[in-house]
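To keep things clear, I will list the structure first and then write my remarks on it.
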Ligand SMILES: Nc1ncnc2c1ncn2[C@@H]1O[C@H](COP(=O)(O)OP(=O)(O)O)[C@@H](O)[C@H]1O
Ligand SMILES: [Mg+2]
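Residue numbers (the numbering used here), protein chains in the order written: chain A, 4 to 313; chain B, 35 to 286.
Rendered as structure tokens:
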């Protein structure tokens, strides 16, 4: 078994019993961020595109969810669907304009779009402005069959959503499309010279990543019962970069580990107030300098070298 | 439809970089099923010509026809799909894909499932046999599962040719395929080019004159962006302007 498999199996077992050992709300939040980080990593790790505005997809999906469920009184499934579709549509528009740019220009354009969306969300009537959308009711799922008031029940729903998203990303990476993405990441000019219109592949990857970030954002709104400006902010866009880098880019599981570390830190260091950010920054610097490939990346290397040595 | 004698034609090809003219009014005709060499001192504009012909750069002026069809405004990827495929002066492989996967990425294109993100890549397994045949044809069987990044330089160039061949292009543009190779590799790649050119057309930039003399049917000499001479090796090598251009820059 590869190191990644071992880590995966252990984590899955842990995930199944976790709500008896930790607060379900905390776990669900962490799972949402983990999915968000995985969606982001699909772009950075497998296409080589650094988006500095991914919070716009995460956050806007929360608003879509809140509006559909709260204002329109519809089922949460439809809210999530609306969140995913809205994020994908936003991804298609911003992606079409950003994807032709390379490197830092691409990053800057995504950042600019995210800022526009942020100010739009402050002003727009359906987002609740500074207050956001509060008190989104937890309606039952599956047409009333599955009540979600109990946090532990909802936890398994969220775990299922997470696994669905994670599985989707795994499949994308290991698909005929994924092969072309890796080729483009490795050498775009060469991929073009083989007849691949690189921009179209990158755009599809961008839309898929946006949709999955939207799935994470809508699910988070369902769990916490609110949608806020924080989730569309530049700080959130930065946080997801942090999660992906801490865990490691070249692996699918890395961003999950990164997200849990960051969320745990924020949770348990909450008493330290603003100081959390300083500690977070320091840890980030240490990890980036000491473990270039992120925690999971380094662990995988260590495992491989140990096996080839023994 | 009768096949035309000329497969690739460029008329009045010109490229200016901010006032500097890298390629000046170049006319080029490549005959089908020949090996045509483009030679000239460093900075003559050979690579720029390749970039123009495959639209990796847009020409300032001039028109390009492939199989009688104008391709001047077509996208680089579309030109590749028509069967005009280029290589690069610096070796261009996909470093983190294995040797087999490098070739398979090229094979996969024609099937049209390359946007299928919901399917398992196992559907690509059926290309493995053909991929391994091509890998063997360029002498890389022993390295099939190695990431391309770990290949020595000469082997990377061989892998590039295998990847290009996977597309079964009607015409290949090779930019300095021998650059940086040792004697052994040069012999192997030259033999390979001769074999693949049997039923296709090759336009190649090359500095190694014995390779050029040996392989090419026609030679076009470029200097300072302009065509200096054209013809078979015997004629071109005796051309006074060519001798001067080469002696002048220390090439030979
Ligand atoms: N993108 C570019 N921008 C500006 N000048 C360029 C560019 N590409 C090539 N050149 C210039 O054009 C000239 C021809 O270059 P090139 O076609 O690479 O020559 P060759 O391949 O014959 O050695 C050189 O003087 C080079 O500096
Ligand atoms: Mg050159």
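The C-beta atom is built at its ideal place from N, Cα and C for all residues, glycine as well.
What separation, rounded to the nearest whole angstrom, lies between the Cα atoms of residue i and residue j?
i: residue 79 (chain A); j: residue 166 (chain A); result: 18 Å
i: residue 68 (chain B); j: residue 241 (chain B); result: 19 Å
i: residue 64 (chain B); j: residue 72 (chain B); result: 11 Å
i: residue 48 (chain A); j: residue 262 (chain B); result: 48 Å
i: residue 293 (chain A); j: residue 301 (chain A); result: 10 Å
i: residue 161 (chain B); j: residue 142 (chain B); result: 7 Å
i: residue 103 (chain A); j: residue 295 (chain A); result: 28 Å
i: residue 47 (chain B); j: residue 87 (chain B); result: 9 Å
i: residue 35 (chain B); j: residue 101 (chain B); result: Since pLDDT at residue 35 (chain B) reaches only 47, below the 50 mark, its modelled position is unreliable, and the value read off the structure follows with that caveat. Distance between the alpha carbons of residue 35 (chain B) and residue 101 (chain B): 12 Å.
i: residue 243 (chain B); j: residue 229 (chain B); result: 19 Å
i: residue 8 (chain A); j: residue 174 (chain A); result: 15 Å
i: residue 109 (chain B); j: residue 117 (chain B); result: 13 Å
i: residue 247 (chain A); j: residue 289 (chain A); result: 15 Å
i: residue 343 (chain A); j: residue 55 (chain A); result: Because chain A is modelled from 4 through 313, residue 343 (chain A) falls outside the range shown and cannot be assessed.
i: residue 80 (chain B); j: residue 208 (chain B); result: 11 Å
i: residue 131 (chain B); j: residue 181 (chain A); result: 12 Å
i: residue 252 (chain B); j: residue 235 (chain B); result: 12 Å
i: residue 155 (chain A); j: residue 192 (chain B); result: 58 Å
i: residue 269 (chain A); j: residue 72 (chain A); result: 29 Å
i: residue 146 (chain A); j: residue 75 (chain A); result: 16 Å
i: residue 146 (chain B); j: residue 158 (chain B); result: 12 Å
i: residue 119 (chain B); j: residue 256 (chain A); result: 38 Å
i: residue 276 (chain B); j: residue 259 (chain B); result: 14 Å
i: residue 128 (chain B); j: residue 227 (chain B); result: 21 Å
Just verifying my parser: in three-state terms, what is the DSSP assignment at residue i?
i: residue 61 (chain A); result: helix
i: residue 147 (chain B); result: coil
i: residue 24 (chain A); result: coil
i: residue 9 (chain A); result: helix
i: residue 286 (chain B); result: Because the pLDDT at residue 286 (chain B) is just 42, under 50, the model does not fix this residue reliably, and the point stays unresolved.
i: residue 35 (chain B); result: For residue 35 (chain B), the pLDDT reaches just 47, beneath the cut-off of 50, and the residue's location in the model is therefore unreliable, leaving the point undetermined.
i: residue 70 (chain B); result: strand
i: residue 230 (chain A); result: strand
i: residue 51 (chain B); result: strand
i: residue 140 (chain A); result: coil
i: residue 101 (chain B); result: coil
i: residue 209 (chain B); result: strand
i: residue 306 (chain A); result: helix
i: residue 42 (chain B); result: strand
i: residue 119 (chain B); result: strand
i: residue 127 (chain A); result: coil
i: residue 277 (chain A); result: coil
Locate the beta strand (DSSP E) running through residue i, then write down its first and last residues.
i: residue 199 (chain A); result: That residue, residue 199 (chain A), is in no beta strand (DSSP E); it is neither H nor E in DSSP.
i: residue 62 (chain B); result: 54-65
i: residue 257 (chain B); result: 252-257
Are any of the Cβ atoms in chain C nearer than 8 Å to that of residue i?
i: residue 119 (chain B); result: Among the protein chains of the structure shown, namely A and B, there is no chain C.
List the endpoints of the continuous alpha helix (DSSP H) containing residue i.
i: residue 50 (chain A); result: Premise fails: residue 50 (chain A) is in no alpha helix (DSSP H) and is neither H nor E.
i: residue 85 (chain A); result: 79-101
i: residue 243 (chain B); result: 243-249
i: residue 183 (chain A); result: 179-189
i: residue 269 (chain B); result: 267-270
i: residue 267 (chain A); result: 257-271
i: residue 82 (chain B); result: 80-87
i: residue 237 (chain B); result: Where residue 237 (chain B) is concerned, there is no enclosing alpha helix (DSSP H), although the beta strand (DSSP E) it sits in stretches over 235-239.
i: residue 240 (chain A); result: 237-250
i: residue 214 (chain B); result: Segment: none, residue 214 (chain B) is in no alpha helix (DSSP H) and carries neither H nor E.
i: residue 190 (chain B); result: 187-200
i: residue 134 (chain A); result: Element bounds for residue 134 (chain A): n/a, residue is neither H nor E.
i: residue 124 (chain B); result: From DSSP, residue 124 (chain B) is part of no alpha helix (DSSP H); its letter is neither H nor E.
With a threshold of 6 Å on Cβ separation, who are the neighbours of residue i within its own chain once the five nearest residues in sequence on each side are excluded?
i: residue 225 (chain B); result: none
i: residue 59 (chain B); result: 46 and 48
i: residue 114 (chain B); result: none
i: residue 62 (chain B); result: 44
i: residue 263 (chain A); result: 33
i: residue 150 (chain A); result: 143
i: residue 126 (chain A); result: none
i: residue 67 (chain A); result: 85, 86 and 89
Given residue i, which residues of its chain have a CB within under 8 Å of its CB, disregarding the five upstream and five downstream residues?
i: residue 183 (chain A); result: 194, 199 and 204
i: residue 104 (chain B); result: 97 and 98
i: residue 304 (chain A); result: 296
i: residue 245 (chain A); result: 261, 265, 283 and 287
i: residue 179 (chain B); result: 132, 133 and 134
Who are the near neighbours of residue i in its chain, counting only those whose CB is closer than 7 Å to its CB and skipping five residues on each side?
i: residue 284 (chain B); result: Low confidence applies to residue 284 (chain B): its pLDDT is 45, below 50, so where it sits in the model is not reliable enough to give any reading.
i: residue 164 (chain B); result: 141
Mind pulling the alpha helix (DSSP H) runs of 4 or more residues that sit fully within the region 140-184 of chain B? 162-171
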